[in-house]
Amino acid sequence: MSDRLLRFWTEFVIKNASATLIIFFSITVIAGIFAARNFQIDSDTSKLIVQDTPWRKTHDKFLEEFPQYDKTTFIVVSGTEPNKLRLVARELVEALAREKNFKSVFSPTSSPHFDENILLYMPSQNLEKVVEKLAEAQPFLTAIASDNSVRSLLTLLTDALKVEGDLESGLSQIANSLELATNRSLNPYGKPVSWRDLLLKPEGDQVFYQLIFVQGNQNFASDLPNSVIIDNIQKVIANNNSPFKNDVNIRLTGQIPLEHGEISNAMASAKLSGSIAVVILLLVLFWGIRSPRLIAAIYLSMSIGLIWTAAFAMLTVGEYNTISIIFLVMFIGLGVDFAVHLSLKYQEMNETNGQKISLLESSRAMGPALFLCGISSAIGFLAFLPTPYTGLAEMGIISAGGMFIAVFVTLTVIPAFFAVTAEPEGPSPMIFSKALGRLHKERSKETSYATIATLFILGLLATRAEFDYSTLSLKNPHSEAMITLKELHETGLVTDYTLFYAAENLSEAKQLKEKLLALDVVADVLIPEDYLPETQEENLEIIEEANFLLSSIFESETKKDELADKDFRILLEKLATAASLRLEKTPRASEEYAYIEKIRDVVIILNTASPEIRSRFSDNITVPLKNEILWLKTAFSATELEFKDLPLEQRNRLISETKKVMVSITPAINVIPVESLRLFTEDVLSIAPNVTGRPVLDLGIGDIVINSFWLAITVACSGIFLVLLFTLRSAVESVLTFIPLMMTAFFTLSISWLIDLPLNMANVVVIPLIFGLGVANGIHIVNRFHQTENLTELIHSSTPKAVFLSNLTTLASFGALCFSTHQGIYSIGVLLTVGIIALMILTIVCLPALLTTFSGPRNT
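Under the numbering used here, the sequence shown is numbered contiguously, ending at residue 862.
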């Protein structure tokens, strides 16, 4: 940018300051309206990276065969009482199936098939325990089965209490049952008794799960395309009136909730970070500049540039993505950067010159450097443009435009503002300028050599930096969806690291299974026939024996005559007498005493209650228990299952319409480390080249990102170095300017390793940005180095202070990103904060020393 052009423009702006500001305000209003009306976020994260690769085509073909596995939501119902889970899950499945917004609803354990054949699916040892529990409760269940009222049950209890010796082991179940039924009778609107859990629930606090898989229709015209799916599911859950709803946990996870959470976090984080950035920026400027007029000018320039950039984004790219949206936050700091340098230069010039001369000379002195900084920053942002990483490429276009807008607005608004306002307050010295001056005066060479040594040390440490291949690394680890997914993975119910293969037929699936199981990295391989009960032969033998043992429950003749209330009370009085007599003979500290006392208390309550309550008590026991006995009779009538006996919906998830056969492969090793993930995936791919799943996708996407990362660094470094070489016309000074940048990049990578914050799909943008943004500091230092007589004059000039403050303002916006719950944005914020701090220190401390030690003579 020539001096003549700068001088012409600045003079024009000063002469027409009021008109210029009015025009700029008018354009800003129009741009703001345009940006607001056309604001759009493309929340389809699959578009962030161009995936025109064989592994992506394989995945798409797999989903064509088995579309049921694409874009799913898992509704996870969990709790310690399996029957309550079953009832709640079944009601949810029925309600979801009635909704028109869902393409498919599938729950393998909520189907009638599973309910009827549940005994076949149990591990044999669990089935044996069920039979033992039923044997203990056999007298109780037989009494219920043989009578339409509680007559037989009350008679059974009375006779049992009269017999000498130990009572039946099932006494605790009966006592608890009577107490629960009584409470339900006294409160008809209270919670019903879950008899199946009471009779058959395993001991302990084991957590049980029921999974419901839901597919809905996404709306990509909305900023939150999955919100309609999530909202409809949440509405169904909220409207569920099951009395057991509060006894279970209902959570959402899977692809749709994870993507929805990521997009929601990105949008909320952009708003929060932007608000925080504005506040921190204001505090930094007041602390560093202490001139309200300068701060007003800087804020005005930044605000106009921000609105223009938002309009530019809609005009060029047309929409934001979940990564590019954060540039609006970053611009708050970056847009101020240019204004700070020009404003401080003007403040410095204004001490010894008039206002017009100060404005002209500050623009002439800073204009070329600002323009050069804009170019170098744009190169850093555009570094991903030639890569397949579309998400960062789009951010680069918006950001590069924003940088040139910021330069233009700064060189126009700042002169115009001060042309119509009073002169700013005088400059204040940088707090550490004296110490920095002494360091450069007395230890310049030592600082230079220490800098070069540190560069090599940091370079070695930087090689330890790692890349997290998992796309889950961008999700909020504390979200319900991520916590639930991790829980399912740890329990082995569902793992996100399963590989899938669509075999041509069952014969190929069986052969492939045999080969894959020979691999050390494979734990299990499932083909359609593996979804039949694993131990059904053994279980059928147990069932056959149990049918003989429990025949009194299933084959009892039912007394159909009703129990009159008068007879009911007589039975209760007999039971109360028998209980009282038995209590006199029973040690008070024993469990038996507690159970008999509970029975006596129930009898006393019922005896003094109304006939209606006694009738309700009888119904609360006999009606639901007879239903459970009917279910037991069906379950104990199970026969051997074949694949054709499975529900059609489940069969369709295992064999496609074109008869392709699903094969799923689970790892035998912890695949969280990248090396293990690659080992598992590549070993399986060596046998089944067309396998797909998250491990393949994560590795494929990760490789694209890493290749894009190296290409972006090459583009950024080459482009910026050429700009430096062309501008500075000195290879030595160009290299010296690069040294603090390389040290900062190495230091940032080293810190990422030390704090266990690896590079991921989002924060790979940090390193190219360090070169693009950081070179601006070097340009300003080199520029002032050639305008001063010695280092002391350079250190006490406005440049180091401007570099310091501009980095602090940039730090304000980048640091605000650290408050994000979106892990990608958060990691960008952390690493950029580390990088900017290092860059600020290294540029001010190391670059002047390097220039003094190795640079040629000054052009003073």
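Quick reminder that beta carbons are idealized off the backbone N, C-alpha and C, glycines included.
Keep in mind that this is a model prediction, so the values were computed, not measured.
Distance from the CA atom of Ser365 to the CA atom of Ala341, rounded to whole angstroms, is 11 angstroms.
Less than 8 angstroms separates the beta-carbon of Val784 from that of Leu853. In the three-state scheme derived from DSSP, where H, G and I count as helix and E and B as strand, Ala137 is classed as helix. A distance below 6 angstroms between beta-carbons, with the five flanking residues on each side excluded, links Pro479 to no residue of its chain. Between the alpha carbons of Gly335 and Phe329 lies a gap of roughly 10 angstroms.
Between Gly837 and Gly817 the beta-carbon gap is near 11 angstroms, outside 8 angstroms, which marks them as no contact. Assigned with DSSP and collapsed to three states, Met304 falls in helix. As a beta-bridge residue in DSSP terms, Arg253 pairs with Val78. Cβ-Cβ separation between Val230 and Thr74: approximately 15 angstroms, too far for a contact (criterion under 8 angstroms).
A check of alpha carbon separations from Glu516 across Leu528, Ile359, Glu506 identifies Leu528 as the nearest.
With a 10 Å radius around the Cβ and a threshold of 16 neighbouring Cβ atoms, Gly206 comes out exposed. For Val605, the enclosing alpha helix (DSSP H) stretches over residues 593-610.
With a contact defined as Cβ atoms closer than 8 angstroms, Ser106 and Arg92 miss out at about 17 angstroms.
In the three-state reduction of the DSSP assignment, Thr389 falls in the coil class, being assigned neither a helical nor a strand state.
If the five residues before and after Lys576 are omitted, its C-beta is found closer than 6 angstroms to the C-beta atoms of Thr160, all from its own chain and listed in chain order. When C-beta atoms of the stretch 64-80 are compared with those of the stretch 255-267, three or more pairs fall below 8 angstroms, so the two segments count as touching. Residue burial annotation: Thr493 is exposed, with fewer than 16 other C-beta atoms found within 10 angstroms of its C-beta. For Met664, the beta-bridge partners assigned by DSSP are Ala504. For Ile615, the closest C-alpha among the options Arg186, Val79, Arg198, Val250 is that of Arg186. For the set Phe821, Val411, Ile120, Leu7, the Cα lying nearest the Cα of Leu202 is the one of Ile120. Closest by C-alpha distance to Lys237, out of Leu182, Leu200, Glu101, is Glu101. A distance below 6 angstroms between beta-carbons, with the five flanking residues on each side excluded, links Ser732 to no residue of its chain. The three-state reading of DSSP puts Ala183 in helix, counting H, G and I together.
A check of alpha carbon separations from Glu468 across Ser639, Arg295, Thr30, Ile753 identifies Ile753 as the nearest. The C-beta distance from Phe142 to Phe502 rounds to 48 angstroms, too long to fall under 8 angstroms, and the pair is not in contact. Look at Ser106 here: in three-state DSSP terms it is strand. When only Cα atoms are considered, Ser666 and Thr486 end up about 21 angstroms apart.
If you ignore the 5 residues before and after Glu363, its C-beta comes within less than 6 angstroms of the C-beta of Met351, all in its own chain and listed in chain order.
Three or more beta-carbon pairs separated by less than 8 angstroms are not found between the stretch 582-595 and the stretch 528-544, which leaves the two stretches without contact. If you ignore the 5 residues before and after Thr473, its C-beta comes within less than 7 angstroms of the C-beta of Asp700, Ile703, Met763, all in its own chain and listed in chain order. Between the C-alpha atoms of Val734 and Lys358 there is a straight-line separation of about 37 angstroms.
When Lys131, Asn692, Leu213 are compared, the shortest CA-CA separation from Pro110 is found for Leu213. In summary, Asn672 is exposed, with fewer than 16 beta-carbon neighbours lying within 10 Å of its beta-carbon over all protein chains present. If the five residues before and after Trp57 are omitted, its C-beta is found closer than 6 angstroms to the C-beta atoms of Val698, Gly702, all from its own chain and listed in chain order. DSSP lists no bridge partner for Val707. For Phe556, the enclosing alpha helix (DSSP H) covers residues 553-556.
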